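Just below is one structure, and these are the notes that go with it.
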Amino acid sequence: ISEVELLIFLLDGSGSMTETKTPDGREKVEYLIEILNGEGGLIERLRKSESASRYRVHTIYFSEKIEEEKGYIELKDVIIKNAVEVAGGGQTAIAKAIDKATEILDEFSNDQMLPKEKWASAFLFTDGQENMGGNVQESANKFKTHLLSPILAIVGIGEEADEDLLLEIANYSTDKQRRHLDEANVLKYLPDRDKLYLRGHEEGILTRDKAEILRQFVYVLSTTKIEKL
Numbered sequence: 001i002s003e004v005e006l007l008i009f010l011l012d013g014s015g016s017m018t019e020t021k022t023p024d025g026r027e028k029v030e031y032l033i034e035i036l037n038g039e040g041g042l043i044e045r046l047r048k049s050e051s052a053s054r055y056r057v058h059t060i061y062f063s064e065k066i067e068e069e070k071g072y073i074e075l076k077d078v079i080i081k082n083a084v085e086v087a088g089g090g091q092t093a094i095a096k097a098i099d100k101a102t103e104i105l106d107e108f109s110n111d112q113m114l115p116k117e118k119w120a121s122a123f124l125f126t127d128g129q130e131n132m133g134g135n136v137q138e139s140a141n142k143f144k145t146h147l148l149s150p151i152l153a154i155v156g157i158g159e160e161a162d163e164d165l166l167l168e169i170a171n172y173s174t175d176k177q178r179r180h181l182d183e184a185n186v187l188k189y190l191p192d193r194d195k196l197y198l199r200g201h202e203e204g205i206l207t208r209d210k211a212e213i214l215r216q217f218v219y220v221l222s223t224t225k226i227e228k229l
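Residue numbering for the sequence shown follows UniProt numbering, beginning at 1 and increasing consecutively.
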């Protein structure tokens, strides 16, 4: 392959993710696994895409502590774990999770074993607010200004999420991204069509309709290349 794209998933493993606000009464954390890695889920769709071989995945699980999969793996080997079980179900350290994503960008950027042409996107899924004293804006700005020009896209999956902050730190959308999101019937669901933030719930509930919109949101952004700055 002549180019490679890193997809970083930042998955909230705080205590509130055990709420059963889902269509079938499962915990939100379990439902999110299905959305991402279940039958017909996001990972399966990416595996079937024409550009499947160019992707590498790194998963970060966070509560007040940060746990991560080692390195970055091919789509065929991706397994999304229960973020609460992995990260401990405590408080919510969004800034620390984004800082970890920036560290991974550095490793990825400097990896001589990979093609020189590198791209990166991070997808943050959270239902809460930073409550460990981190500076989320500062961490997000450091991530977004990395030399790889990564995308930071965000999905709020609960009413307690600080939507104003998440909208603020999400990347601005490009014309191309907006066009592709519109073609996928997703753009109209964004609270601000100029920002890569999706409200992935209906009054706190992860509905089946929103689950499909969430999959499409991440899929479209994963498969839409943007011009680097």
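Note that the Cβ used here is the ideal one computed from N, Cα and C, for glycine as well.
If you're wondering where the values come from, they're calculated on a predicted model, not measured in any experiment.
The alpha helix (DSSP H) that contains residue i, what's its start and end?
{"i": "Ile-35", "result": "28–37"}
{"i": "Val-84", "result": "83–87"}
Going by CA-CA distance only, name the one from the options that's closest to residue i.
{"i": "Ser-149", "options": "Glu-138, Gly-13, Gly-134, Ala-122", "result": "Ala-122"}
{"i": "Phe-143", "options": "Leu-105, Leu-36, Ser-173", "result": "Leu-105"}
{"i": "Glu-168", "options": "Asp-192, Lys-210, Thr-207", "result": "Asp-192"}
{"i": "Glu-74", "options": "Ile-94, Ala-52, Ala-95", "result": "Ala-52"}
{"i": "Gly-102", "options": "Val-136, Tyr-172, Lys-76, Asp-77", "result": "At residue 102 the sequence reads Thr, which differs from the Gly that was named. Here the closest residue by C-alpha is Val-136."}
Tell me which residues share the same chain as residue i and place their Cβ nearer than 8 Å to its Cβ, disregarding the 5 neighbours each side in the sequence.
{"i": "Gly-89", "result": "Gly-13, Ser-14, Gly-15, Met-17, Thr-18, Ser-63"}
{"i": "Gly-156", "result": "Thr-126, Asp-127, Glu-163, Leu-166, Tyr-197, Leu-198, Arg-199, Gly-200, His-201"}
{"i": "Val-4", "result": "Arg-54, Tyr-55, Arg-56, Leu-114, Pro-115, Glu-117, Lys-118, Trp-119"}
{"i": "Asp-182", "result": "Lys-188"}
Answer yes or no: do residue i and residue j have a C-beta to C-beta separation smaller than 8 Å?
{"i": "Gln-177", "j": "Ile-98", "result": "no"}
{"i": "Ser-222", "j": "Leu-114", "result": "no"}
{"i": "Leu-42", "j": "Arg-215", "result": "yes"}
{"i": "Ala-140", "j": "Leu-152", "result": "yes"}
{"i": "Thr-59", "j": "Leu-124", "result": "no"}
{"i": "Ile-1", "j": "Leu-36", "result": "no"}
State the CB to CB distance for the pair residue i and residue j, rounded to an integer number of angstroms; the pair is presumed to be in contact (CB under 8 Å).
{"i": "Val-84", "j": "Glu-67", "result": "Going by Cβ atoms, the distance from Val-84 to Glu-67 rounds to 11 Å, so no, they are not a contact pair."}
Can you list, in chain order, the residues of its chain whose CB lies under 6 Å from that of residue i, leaving out five sequence neighbours each side?
{"i": "Thr-145", "result": "none"}
{"i": "Asn-131", "result": "Gln-91, Thr-92"}
Identify the continuous beta strand (DSSP E) that holds residue i and give its terminal residues.
{"i": "Ile-169", "result": "From DSSP, Ile-169 is part of no beta strand (DSSP E) but of the alpha helix (DSSP H) over 163–169."}
{"i": "Arg-199", "result": "197–199"}
{"i": "Ile-66", "result": "66–68"}
{"i": "Arg-193", "result": "Counting along the chain, Arg-193 falls outside any beta strand (DSSP E), and DSSP gives it neither H nor E."}
{"i": "His-58", "result": "55–62"}
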